[in-house]
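One structure below.
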Amino acid sequence: MKGMEHPESRTVLLKRTENGQRAATHDRRIMNWRRYFWPVVGIAAVVFSLWLLLHELRGISLDDVWDGIVAIPARGWLLAALSSVVAYASLAGYDHIALLHIGKKVSWLFVTLCSFTTYALSHNIGGSVFSGAVIRYRAYGTRGLTGQDVGILVAICWITFVLSTILVSGLVLVFEPEIIDRFSGASHHGLAIAAGLAMLLLVAAYVFGSWLHLRPLKIGSFQIHYPALPIVARQLLIGPIELLAAAAIIYFVLPAAGNPGYFVVLGVFLVSFSVAQISHAPGGLGVLEVVFLTGLSHMDPVGVLAALLVFRLFYLIIPLVIALGVVLYFEHSQLGRDGD
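Numbering of the sequence shown is given in this note's numbering, commencing with residue 118 and proceeding in unit increments.
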């Protein structure tokens, strides 16, 4: 009869409801697991790295480190400061490239400040991709960009960083294959050159894919179109400049005694910075230092540690202080607009 519900239909409906609730509970558990997993990994990496660092630097006092910092000449400080400016100017180029790719126009000053703030905060927080996405969504949302626009922008910035790291690392391995000996303790020059050539082939394949106009990558309703060749050219120019400038901060303040040269310092920096990024340790604290000291084990550890402290000052601490001021000003201006 019409209006009467069959008992079997009711049972099926109840089962579907229960299954839906279970699925929702399962999804929440996965979200909670993902939310806490990487922070725990990052903290564990910091603790372990600091333990290794203390073991590595046993016998070195704070006075020794201070003497190492004071020993840095004024020219070194100036060149390191200029290198940090170049590095962050290049990072701003990441966002400009991504906005050019998605066809969105935002004022040059706003993009530069947004990029600077994003990287200054995410470098210190850890989990650069996720934290950078949150900061960019808040900022670019006020300029009319949708969540999908910001998602593509973050993806292009991440691709630019990875592509640049692969390119520069490949060149270092091909022209300075003994860099791998500093971490392995054995000679693997042939393997290093082969790995470097493979990295350069990956970059060439990326460029070739742009020339072929490959189909966009689709993830559900989200899709990323392959960057055009002019965009790729900008990625391969601006991205490497950022890495070269960041490594130069350390190079210019390293002691002259035992200094292996810029190219080796660049290679050690790439390994150290990559490991620090993978560890998800906030600011790569301890991780960067341990790997860098390993790569430059033939040098006086006091001088290397002093150089790394200068790097943290120019690349992390000073940008963080400025970025916090920018965030406070931005949020204050948004409150004023909301009040109007």
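Every residue, glycine too, gets a C-beta built ideally from N, C-alpha and C.
Straight-line gap, residue i to residue j (C-alpha atoms, nearest Å)
i    : j    : result
A440 : S304 : 44 Å
V291 : V385 : 14 Å
V407 : T259 : 41 Å
N241 : F300 : 26 Å
I310 : A423 : 32 Å
G193 : W225 : 31 Å
S396 : E359 : 21 Å
F369 : L410 : 16 Å
L217 : Y446 : 26 Å
I296 : A365 : 17 Å
L346 : W328 : 6 Å
V267 : R253 : 7 Å
F380 : I367 : 12 Å
S207 : H306 : 32 Å
A312 : S450 : 50 Å
L430 : A188 : 16 Å
L238 : G326 : 33 Å
Q222 : D212 : One detail in the question is off: residue 222 reads as Lys in this sequence, not Gln. Each residue's Cα considered, the two are about 11 Å apart.
A256 : A191 : 37 Å
V438 : F227 : 18 Å
E448 : V279 : 31 Å
Q265 : D298 : 44 Å
C274 : I355 : 11 Å
V251 : Y236 : 12 Å
A272 : F428 : 27 Å
L308 : G261 : 49 Å
DSSP bridge partner residues for residue i (one or two, in chain order)
i    : result
Q340 : K335
Beta-carbon spacing of residue i, residue j below 8 Å
i    : j    : result
V320 : L361 : no
A197 : T229 : no
I348 : I214 : yes
L405 : S389 : yes
S201 : Y343 : no
L383 : V289 : yes
V444 : T277 : no
L426 : I186 : yes
A393 : A204 : no
L334 : I341 : yes
V419 : D180 : no
S286 : L387 : yes
Beta carbon proximity, residue i to chain C, threshold 8 Å
i    : result
G313 : Of the chains in the structure shown, none is chain C; there is only one protein chain.
Legend entry - Sufficient close CB pairs (3 or more, under 8 Å) joining the stretch 412-420 to the stretch 375-382: yes
Legend entry - Complete alpha helix (DSSP H) runs within the stretch 359-435 (minimum length 4 residues, chain order): 379-396, 404-412 and 418-429
Inset, instruction - Could I get the ranges of all uninterrupted alpha helix (DSSP H) runs contained in the stretch 209-293, with 4 residues as the minimum, in chain order? - result: 225-242, 245-257 and 264-292
Legend entry - Every unbroken alpha helix (DSSP H) within the stretch 297-323, with a cutoff of 4 residues, ordered by chain: 298-301
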